[in-house]
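Chemist: Quick note: the sequence shown uses full-length UniProt numbering, first residue 1, plus one each step.
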Amino acid sequence: MLQGEMGSKLTTQATKQEKCYDPGDKTLKFVDGEDVLDFLCEDFKSPRAQMSCGHAVTPTSLTNWCLRQLDQGDSRFVCGQFGCGVEWPYVEVCKMALLTPEEKKYFEQTLAFNAARENFLIKASSLLFHHF
Numbered sequence: 001m002l003q004g005e006m007g008s009k010l011t012t013q014a015t016k017q018e019k020c021y022d023p024g025d026k027t028l029k030f031v032d033g034e035d036v037l038d039f040l041c042e043d044f045k046s047p048r049a050q051m052s053c054g055h056a057v058t059p060t061s062l063t064n065w066c067l068r069q070l071d072q073g074d075s076r077f078v079c080g081q082f083g084c085g086v087e088w089p090y091v092e093v094c095k096m097a098l099l100t101p102e103e104k105k106y107f108e109q110t111l112a113f114n115a116a117r118e119n120f121l122i123k124a125s126s127l128l129f130h131h132f
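1) Roughly how many angstroms separate the alpha carbons of Pro59 and Ala112, rounded to a whole number?
2) Are residue 200 and Leu62 touching if we call contact CB-CB under 8 Å?
3) Please determine whether the Cβ atom of Gln50 lies at a distance below 7 Å from any heavy atom of the ligand SAM.
4) For residue 143, write down the residues that DSSP places opposite it in a beta bridge.
5) Apply the 10 Å Cβ neighbour rule to residue 142 and answer buried if 16 or more other Cβ atoms are within range, or exposed otherwise.
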């Protein structure tokens, strides 16, 4: 399966099967705030939990947002709330998005691919700059 096909498959699965936080999970900080990553107004039913940047998310909206960033070629995860821009560590994304083993594998492979591509482009442009 090609990278783009797998990403689309995962995005579709995440949207169809909503993930929900366990309200008894004492490692999460639950909040009443709006899910700032629910850009399509899907109104996910999961309780909202607070990310390190302070914004509220659900595991499904976070998964979808991070998949979107990966599919756009990003090699890091940044909060989608306007004006925030805080970068989240991968371990936080894994935990807060309730990533499945299949999703973790896809995320890790795509992060590595995107980072390698970025690195290559930086080196290539640097070489071109020095030659001209």
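Ideal Cβ positions, reconstructed from N, Cα and C, are used throughout, including at glycine.
On a predicted model such as this, the values are computed, not experimentally measured, just so you know.
Modeler: According to the structure data:
1) Here residue 59 refers to the residue found at position 59 when the sequence shown is read from its first residue. Here residue 112 refers to the residue found at position 112 when the sequence shown is read from its first residue. Approximately 23 Å, taken between the alpha carbons.
2) An answer regarding residue 200 cannot be provided, because it is not within the stretch 1 to 132 covered by the chain.
3) The ligand SAM is not among the ligands present in this structure, which contains no ligands whatsoever.
4) Since the first and last residues shown for the chain are 1 and 132, residue 143 lies out of range.
5) Lying outside 1 to 132, the shown extent of the chain, residue 142 is not represented and no answer is given.
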